[in-house]
Every structure is written in structure tokens, then in C-alpha cells.
């Protein structure tokens, strides 16, 4: 059963945690996803089998945590991630960030490098709010400004995804590509070539943008944005193991 962490902003963050050896592993989920997803549970089982510490949690407005999803923004979810990582783990952690979680994991690594032993990103989507805004027509932009939201159909939900004006505007204070990004820890990026949401071009752009002594990108032919097939899950686990060995 999940436990709850009260953040200094007054949000209740639901989490599940395994005690074990370090460096621990922390899973950071994507936009509108929760800690009960396939990748989070598979990684938890993998860590449990190896006696390794593990943490998965829901951002506010997601899953079992408090709050309304439509009230949230990147900065709020970054604060939630920092509260969970700083308050619930011991020592440096390996952050595994999926999609939006890849963006948030990069923000955590930039703000608290002492807590990050290594990074594994899966279809990382840094600055996706700006990419979304740039792709809107003038009519759509006016709609966001006037009504405060934009609806888009999603293959991951029967209901459309809603992107709020606050999400887009607040995201501009959390960008990755607006300044240099130096990362001293090992970084491994995983990316599917059949990802319809995060193109390979974005992964290449992020690879070029990051500076550090140990950064690699792995492309998986045919893998989609979910990156949850048995082979993809095995690759995530093998990558976490390698990063942990390099960080030790």
C-alpha cells in the first residue's frame, strides 16, 4: 500500500519504496502517467530481486497523489520530484525518467547533482511545452490565451489530453535548451525509432546539447513511445545496471 509524503508546498505525494543497497533507483513517470505503469513496476521487481533500493511516486494531480491534474505545471512536478528524492532516499540515486520524467530528471540533475549517481532517460521530452506552442496555429494560440486550455486527442487515453495555459507559460521557466547543461554523472538515453511523440531528432538534439564525460544514446529500431515490450524492459534494466556499475 502506498505511503504519502507531505511537501512544503502542502501537496501529498503518494509513493512506494523498497529498502536496499545503493545507489538506489528512482522512477520518474511521464505526463498523465502514474507509478503503477508497466516500466515502473518492472523496474521495481528488478530492484527487489537484486536487493536494491527503489522509489516510485506520483506527481501531484497524478495517480494517488493530491491535487487536480489541470492545476499542475512542470515546476510543481519538479518540486514534487525533488521532495521525494531528497526526503525519501539516502545517498546519490540513479534517476530513470520516462518522457516528461526525462525532462524532470534533467532538472533534478541540474539542481541537485550531488543526489544523482546517474541518469537513464527513456524517450526524454524536455521542453515539450515549447515544442507544443511552436506547432500551434494562430487560432489555436488565441484559444489557449482566451480559454486557458488546449485539447488534443491521445492514443494513451479515451479522453483528450488537456494542455493548460499555465502549463505552457510556467514551462518557460524550466527549459533545458535555453542554457548549457553540464552533467558529470553517467547518462544513458534510450530512444525508439518508431516513437510518434518524441522524434529521434529531439534525442539527437539533446545529445548534442548535453556536455559531460560519459553520455551515450541508444536507438532501438521499431520501438514506440511506450518502450514497454519485454525487450525494451530488459534494455532498461541492463542500462540501469551498467550505470550503477559506472557510478559505484
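Numbering (the UniProt record's numbering), first residue to last: 1 to 248.
We put the beta carbon where it would ideally sit given N, CA and C, even for glycine.
Might you give, ordered along the chain, the residues of its own chain that have their beta carbon closer than 6 Å to the beta carbon of residue i, omitting 5 neighbours on each side?
i, result
"residue 133", "168"
"residue 20", "51, 52 and 53"
Rounded to a whole number of angstroms, what is the C-alpha to C-alpha distance between residue i and residue j?
i, j, result
"residue 142", "residue 210", "34 Å"
"residue 3", "residue 15", "5 Å"
"residue 57", "residue 39", "13 Å"
"residue 244", "residue 41", "19 Å"
"residue 256", "residue 153", "Outside the shown range of the chain (1 to 248) lies residue 256, about which nothing can therefore be said."
"residue 80", "residue 173", "16 Å"
"residue 186", "residue 240", "10 Å"
"residue 189", "residue 218", "6 Å"
"residue 34", "residue 63", "5 Å"
Whose C-beta lies closer than 8 Å to the C-beta of residue i among residues of the same chain, with five residues either side of it excluded?
i, result
"residue 82", "108, 111 and 112"
"residue 68", "61"
Pull the bridge partners of residue i from the DSSP assignment, please.
i, result
"residue 116", "93"
"residue 141", "Partner(s): none; residue 141 has no beta bridge."
"residue 98", "122"
"residue 27", "56 and 96"
"residue 161", "152"
"residue 182", "211"
"residue 130", "Answer is none; residue 130 lacks a bridge partner."
"residue 21", "52"
Within a Cβ cutoff of 7 Å, which residues of the same chain sit near residue i, ignoring the five residues on either side of it in sequence?
i, result
"residue 6", "12"
"residue 194", "222, 223 and 224"
| query | Where are the alpha helix (DSSP H) runs, 4 residues long or more, that stay fully inside the region 185 to 226, in chain order? | reply | Unbroken alpha helix (DSSP H) runs of no fewer than 4 residues, entirely contained in the region 185 to 226, are found at 200 to 209, following chain order.
| query | Taking one C-beta from the region 140 to 156 and one from the region 113 to 124 each time, how about it: are there three or more such pairs within less than 8 Å? | reply | With a cut-off of 8 Å, the region 113 to 124 and the region 140 to 156 do not count as touching, because too few Cβ pairs lie within range.
| said: Contact between the region 94 to 101 and the region 161 to 177 is defined here as three or more beta-carbon pairs at a separation below 8 Å; is this criterion met? | reply: Because the criterion of three Cβ pairs below 8 Å is not met, the region 94 to 101 and the region 161 to 177 do not touch.
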